[in-house]
Amino acid sequence: MTKRYWLIKSEPEEFSIDALAKVKVEPWTGIRNYQARNFMRDGMQIGDGILFYHSNCPEPGVVGIAEVASTTFPDPTQFDKRSDYYDPASKREEPRWLAIDVRYVRKLVRTISLAELKDHDELSEFTLVRRGNRLSVMPVTRAHWDFIIDLEMQ
DNA sequence: GCCAACGTTGGC
DNA sequence: GCCAACGTTGGC
Numbered sequence: 001m002t003k004r005y006w007l008i009k010s011e012p013e014e015f016s017i018d019a020l021a022k023v024k025v026e027p028w029t030g031i032r033n034y035q036a037r038n039f040m041r042d043g044m045q046i047g048d049g050i051l052f053y054h055s056n057c058p059e060p061g062v063v064g065i066a067e068v069a070s071t072t073f074p075d076p077t078q079f080d081k082r083s084d085y086y087d088p089a090s091k092r093e094e095p096r097w098l099a100i101d102v103r104y105v106r107k108l109v110r111t112i113s114l115a116e117l118k119d120h121d122e123l124s125e126f127t128l129v130r131r132g133n134r135l136s137v138m139p140v141t142r143a144h145w146d147f148i149i150d151l152e153m154q
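Residue numbers (full-length UniProt numbering): 1 to 154.
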């Protein structure tokens, strides 16, 4: 099975790369977008690479590397009335929302900012930098993955 | 805090 | 099924 690559967004005030480094494995819950869910369900395989992206913060950008640590399972927060992610329309027999486990791999030696990513023509087709993109889980091509990782040491 | 871009909801 | 209204995301 060929390894695939992904990018997931997280608001560092909610859950940062440092928080992931501390817990090592985190259930990635609260995804409430069908396209993002389908990427997790139909695309993600254990061991796939993940670019960990900080959004909604002073310097949005890629800050670390993680990996897919489980296949999808029903997101428990959809059934939790006290959760912000509670979905009264979702039934236990037929869960609408799914989660995966994300495992920490390493922090990048520096943040590769969104502004920097936008500067490179090689990444012009990358979903993240396309106008209007709001996906919190998206696929990354091998070529884009390699290019971004190479930027780290420049 | 503003607001563009999108997704979702619900009336019809 | 259409589409206006509304809510959310997330950069700036």
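C-beta: ideal position from N, C-alpha, C; glycine also.
Less than 7 Å divides the Cβ of Leu98 from the Cβ of Met40. Shortest Cα-Cα distance from Ile148 to any of Phe79, Glu125, Asp121 and Leu117 involves Leu117. Between Gly61 and Leu114, the beta carbon gap of about 5 Å places them in contact (Cβ cut-off 8 Å).
Glu94 and Ser83 have their C-alpha atoms spaced approximately 19 Å apart. If you ignore the 5 residues before and after Thr71, its C-beta comes within less than 8 Å of the C-beta of Met44, Gln45, Ile46 and Ile100, all in its own chain and listed in chain order. At a Cβ-Cβ threshold of 7 Å, Val137 and Ala66 do not count as neighbours.
In the DSSP assignment, Phe79 falls outside any beta strand (DSSP E) and carries neither an H nor an E. Taking a 10 Å sphere around the C-beta of Tyr34, we find fewer than 16 other C-beta atoms and assign the residue as exposed.
Taking each of Phe73, Glu125 and Glu26 in turn and checking the Cα distance to Tyr104, the smallest one comes out for Glu26. Residue ranges of uninterrupted alpha helix (DSSP H) with 4 or more members, entirely inside the UniProt domain "EVE" (4 to 150) and ordered along the chain, are 17 to 23, 34 to 42 and 114 to 118. Nearest to Arg110 by C-alpha distance, out of Asp75, His144 and Gln154, is Gln154.
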